[in-house]
Structures are given as C-alpha cells and as structure tokens.
Amino acid sequence: IHKDVVTGDILHIDFQHVQMGKLIKVQIPVHLKGTAPGVKVGGIIEHFMRDLSVECFPRNIPSEISVDISSLDIGDALHVSDLAVSEDIRILDNPHSVIVSVVLPAKAGKTETVAEVEESEEEGEKKEAEPQQK
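In terms of my numbering, the sequence shown opens at residue 6 and continues consecutively.
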C-alpha cells in the first residue's frame, strides 16, 4: 500500500494472486507480550527483529508472531530458534538471530570521565619512560 505522506490517503495498492496449494514467503510482525523481570530492576528491552520472514500456505499465514518476554532477566536474549510456531509455518530467518534482549542502560555501566582517561594515559607514559629493572 502506498499512502500520501501528508494526508494519509491511499495512492496505490498492489494485489497479488496466490494459489492456495503453493507455499508463499511473507513478512510477519513480531509482537512482544508480558513484562520482563529485567526491566523491573532497571534493564532496557532491545527489540531487534520487528518482522520475521516465514514460508507457509496462504491459509496458514498468522497475523502476528507473539513472543513472551516474561522470563527475560538482564543479559538474557531470545533467538529465532527459541520460538515455538505451528508446524505449518517455517521461519526463514537465521536461527541464531536475536529477536529481543534485556540489557543494562549505557549509563548504568562504569563510564570514565575525560580526566580519568587522561590520568591513565599519563600513568602509562610514566611507566614507559621508567627504565626496566632486572
């Protein structure tokens, strides 16, 4: 569907003739459900894959693939291979691809200030300048 960016009016629609007995490849949206325990303790959800490529018969096309994230703690990730889908659907994406993960926010980790970096560089230069004792 091609829509006008200002008015939202539909400008063009492409229709596709499908054969009910022939496998087709389609993109299916990924819907996250539940609340990850890692988020409750300060983690952030990183949603990497918002759509999955699947192959199935037209009558078996799901409207979405639901992913339960209620077991994800900080540092946990859910991969394509972790999904349980109907036998009628084959996921075409790499099984090792990460769909969603829970990570610490960047500010939560140790961050060095400019002064700390300069101090560590100066110490490194002093050590290089000192003669090595045997």
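Just so it is clear, CB atoms sit at the ideal spot from N, CA and C, and this is done for glycine as well.
The model shown is predicted, which means the values in this text are computed figures rather than measured ones.
| request: Would you mind giving the Cβ-Cβ distance between V108 and I49, rounded to the nearest angstrom? I have them listed as a contact below 8 Å. | output: Yes, V108 and I49 are in contact; Cβ-Cβ is about 6 Å, under 8 Å.
| Do the segment 70 to 90 and the segment 10 to 28 meet, that is, are 3 or more Cβ pairs less than 8 Å apart? | With contact defined as three or more Cβ pairs closer than 8 Å, the segment 70 to 90 and the segment 10 to 28 are not in contact.
| message | To the nearest angstrom, how far is the alpha carbon of V46 from that of V105? | response | When rounded, the distance between both Cα atoms is 17 Å.
| field | Residues that DSSP places opposite K30 in a beta bridge | value | Note: K30 sits in a beta bridge opposite E60.
| request: Determine the direct distance from the alpha carbon of P42 to that of Q21, and round the result to whole angstroms. | output: Per the coordinates, the alpha-carbon of Q21 lies some 43 Å from the alpha-carbon of P42.
| When burial is assigned at 16 or more other CB atoms within 10 Å of the CB, is G83 buried or exposed? | First, the residue type needs correcting, since residue 83 is Leu and not Gly in the sequence shown. Burial check for L83: the Cβ neighbour count within 10 Å reaches 16 or more, so the residue is buried.
| When you compare only the Cα positions, how much space is there between N65 and D93? | Cα to Cα, the separation comes out at about 7 Å.
| Cβ separation of D73 and K38, assumed to be a contact under 8 Å, to the nearest whole Å | Approximately 6 Å separates the beta-carbon atoms of D73 and K38; this is inside 8 Å, confirming the contact.
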